[in-house]
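A.B. asks: Going down the list, the sequences are from chains C and E.
In the numbering used here, each residue's number is its place in the first sequence (first place is 1) plus 479.
In the numbering used here, each residue's number is its place in the second sequence (first place is 1) plus 63.
Next up is a structure, given as C-alpha cells.
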Amino acid sequence: NAGVTQTPKFRILKIGQSMTLQCTQDMNHNYMYWYRQDPGMGLKLIYYSVGAGITDKGEVPNGYNVSRSTTEDFPLRLELAAPSQTSVYFCASRPRSDPNNEQFFGPGTRLTVL
Amino acid sequence: AQSVTQLDSQVPVFEEAPVELRCNYSSSVSVYLFWYVQYPNQGLQLLLKYLSGSTLVKGINGFEAEFNKSQTSFHLRKPSVHISDTAEYFCAVQVSEGGGTSYGKLTFGQGTILTVHP
C-alpha cells in the first residue's frame, strides 16, 4: 500500500491564481481530512469528508473548496490564491470504525503564494 | 469546543538526558488524547494515544505519556533522548465516542520543537 499520497510536493502561485491539491489514499478509508500547518500554530482542519459525496467544513474553510466523488480521492481547491494561504497542507485518512482512532497522514504540499 | 495548549514552543536538550513535553487540554466532553511526531520535511506519525484504561501509555521509540484527568494534562516523557528524536511534537484531542459524533476530527496544539544536541 502507498498509504496517503499528495501531489504536488511544492508549488508557487501568484495572487489570484487557482490550483487543486491532490490527495489519494489506497486503504479504503471512509474518513478523509485536509489540514493546514503554519509555524507556531499547529494544524488546523480545513475540510473533512466521511464518505463519497459527503463533505463538511472544518475550522478554517474560507478560500477553499473540496469534493469527494470517490472513496480514494479528496482534492482541495483554491480558487483565488492569497498570500494568507501560504502554508503546508496535509491530507489524512482513517477508517470509519477504528478502535485505534489513528489518522494516517500524507507527506504534505508546501504552497507559497506571492 | 476543544482546545489544546502545548506549554513550550521549543525544548533543547542534550543527548541521553530526560525530556518532558507538556500538553494541557480543555474540553466539556470526554476526549481521546494523542501525541504525533513530525520529522523534518515529513508528514505526521502517531507516537502514542490514550483512549481508556491505564493512564500511563507507552508509544514507539521509548516515549510514554500520562493522562491526568484532574489536571487535564497529557505530558510526553522520555527518560533518555537520542539525536534522532529531534522533531516537532504535536499533542491532539478528539471527542470520544461517549462525548458525541466527532467523525475522528482532531484538534491540535501549537507544537513543540525538540532539539537534541550531542
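Even for Gly, the Cβ is constructed at its ideal location relative to N, Cα and C.
Given the structure is predicted, the values throughout are model-derived calculations rather than measurements.
1. Helix or strand or just coil, what does DSSP make of P75 of chain E?
2. What number of angstroms, rounded off, separates the C-alpha of P562 of chain C from the C-alpha of Q496 of chain C?
3. So what's Q564 of chain C in DSSP terms, helix, strand or just coil?
4. Mark V545 of chain C as exposed unless 16 or more other C-beta atoms lie within 10 angstroms of its C-beta, in which case mark it buried.
5. Just checking, does the stretch 77-96 of chain E make contact with the stretch 135-149 of chain E on the three C-beta pairs under 8 Å criterion?
6. The beta strand (DSSP E) spanning N544 of chain C covers which residue range?
7. Among E:T175, E:V67, E:T170, E:F97, which one has its Cα closest to the Cα of T149 of chain E?
8. Can you say whether Q134 of chain E is buried or exposed, counting buried as having 16 or more other CB atoms within 10 angstroms of its CB?
9. Give me the Cβ distance between L52 of chain E and G122 of chain E, rounded to the nearest whole Å; I'm assuming they're in contact under 8 Å.
10. List, in chain order, every chain C residue whose beta-carbon is nearer than 8 Å to that of Q157 of chain E.
11. So, do the stretch 565-581 of chain C and the stretch 496-508 of chain C have three or more beta carbon pairs nearer to each other than 8 Å?
12. Just tell me which of C:I525, C:R547, C:G587, C:V529 has its CA closest to the CA of V539 of chain C.
13. Taking T503 of chain C as part of the beta strand (DSSP E), name the residues at either end of that continuous run.
14. Roughly how many angstroms lie between the CA atoms of N104 of chain E and T588 of chain C, to the nearest whole one?
15. May I have a chain-ordered list of the beta strand (DSSP E) segments no shorter than 3 residues that lie completely inside the stretch 508-554 of chain C?
16. Considering only the beta carbon of each residue, do N580 of chain C and G172 of chain E sit closer than 8 Å?
17. Quick check: the Cα distance between G530 of chain C and E551 of chain C, rounded to an integer number of angstroms?
18. Go through its chain and collect everything with a Cβ distance to E151 of chain E's Cβ below 6 Å, but skip five positions before and after it.
C.D. replies: By the coordinates alone:
1. The residue labelled residue 75 of chain E in the question sits at position 12 within the second sequence. Note: P75 of chain E maps to strand in three-state DSSP.
2. The sequence position of residue 562 of chain C within the first sequence is 83, counting from 1. The sequence position of residue 496 of chain C within the first sequence is 17, counting from 1. If you take the alpha carbons of P562 of chain C and Q496 of chain C, they lie about 11 Å apart.
3. Within the first sequence, numbered from 1, the residue matching residue 564 of chain C stands at position 85. In the structure shown, Q564 of chain C sits in a helix (DSSP, three-state: H, G or I).
4. Along the first sequence, read from residue 1 onward, the residue named residue 545 of chain C stands at position 66. It is buried - the Cβ of V545 of chain C has at least 16 other Cβ atoms within 10 Å.
5. yes
6. Here residue 544 of chain C is taken as the residue at index 65 of the first sequence, counted from 1. That run of the beta strand (DSSP E) goes 543-545.
7. What you label residue 149 of chain E is simply residue 86 of the second sequence in a count that begins at 1. With distances taken between Cα atoms, T149 of chain E lies closest to E:T175.
8. Residue 134 of chain E sits at position 71 when you count from the first residue of the second sequence. The residue is exposed, with fewer than 16 neighbouring Cβ atoms inside 10 Å.
9. Chain E is shown from 64 up to 181; residue 52 of chain E falls before or after that span and cannot be answered.
10. If you number the second sequence from 1, residue 157 of chain E lands on position 94. In chain order, N580 make up the part of chain C whose C-beta sits under 8 Å from the C-beta of Q157 of chain E.
11. Taking a cut-off of 8 Å for Cβ pairs, the stretch 565-581 of chain C and the stretch 496-508 of chain C touch, as three or more such pairs fall below it.
12. To locate residue 539 of chain C, count along the first sequence from 1; it is residue 60. When only C-alpha atoms are compared, the closest one is C:I525.
13. As a working mapping, residue 503 of chain C is identified with position 24 in the first sequence. From DSSP, the beta strand (DSSP E) with T503 of chain C extends over 498-504.
14. Counted from its first residue, the second sequence places residue 104 of chain E at position 41. Counted from its first residue, the first sequence places residue 588 of chain C at position 109. N104 of chain E and T588 of chain C have their C-alpha atoms roughly 10 Å apart.
15. 510-517, 521-530, 533-536, 543-545
16. Your numbering for residue 580 of chain C matches position 101 in the first sequence. Your numbering for residue 172 of chain E matches position 109 in the second sequence. It is not a contact, given that the beta carbons lie outside the stated cut-off.
17. Taking the first sequence and counting its residues from 1, the one referred to as residue 530 of chain C is at position 51. Taking the first sequence and counting its residues from 1, the one referred to as residue 551 of chain C is at position 72. If I take the Cα positions, the gap works out to 10 Å.
18. Taking the first residue of the second sequence as 1, we reach residue 151 of chain E at position 88. Only Q101, G174, I176 meet the Cβ criterion.
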